[in-house]
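Colleague:
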Amino acid sequence: MTLTADPRPRAHLQGRNAYAALAACMMAARYAGWSDAQIRAFRLRATSGSVEDVLRACWTEFKAR
């Protein structure tokens, strides 16, 4: 996911917000006792696509917890 692909300011804001959400999810995972390997796999899965994929990965992983 690149933040520079779209020159519109809104796209940059969405990207920063998505990375902030990802950081919060990773901190929650650390607090929940996930191993480094689990956190690394989650981060790779979440960042393999677009901004929406980051938010979707955070939502699907933590909504049931």
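Under the numbering used here, the first residue of the sequence shown is numbered 1373, with each subsequent residue one higher.
For each residue, glycine too, the CB sits at the ideal point set by N, CA and C.
Note that the structure is predicted; figures quoted are calculated from it, not measured.
1. Under 7 Å, do residue 1427 and residue 1390 count as touching if we go by C-beta distance?
2. Are the beta-carbon atoms belonging to residue 1404 and residue 1411 less than 7 Å from one another?
3. At which residues does the alpha helix (DSSP H) containing residue 1431 begin and terminate?
4. Should residue 1418 be labelled buried (16 or more other beta-carbon atoms within 10 Å of its own) or exposed?
5. Using a Cβ-Cβ cutoff of less than 6 Å, which residues in the same chain neighbour residue 1421 once the five nearest sequence positions on both sides are dropped?
Modeller: According to the structure data:
1. On the sequence shown, residue 1427 is found 55 positions in, with the first residue counted as 1. On the sequence shown, residue 1390 is found 18 positions in, with the first residue counted as 1. In contact: residue 1427 and residue 1390 (Cβ atoms closer than 7 Å).
2. One-based indexing of the sequence shown puts residue 1404 at position 32. One-based indexing of the sequence shown puts residue 1411 at position 39. Not closer than 7 Å, so no.
3. In the sequence shown, counting from the first residue as 1, residue 1431 sits at position 59. 1423 to 1434 is the span of the alpha helix (DSSP H), which, as asked, contains residue 1431.
4. Your numbering for residue 1418 matches position 46 in the sequence shown. The residue in question, residue 1418, is buried, as its Cβ has 16 or more Cβ neighbours within 10 Å.
5. The count along the sequence shown starts at 1 and reaches residue 1421 at position 49. For residue 1421, where only same-chain residues beyond five positions count, there are no Cβ hits under 6 Å.
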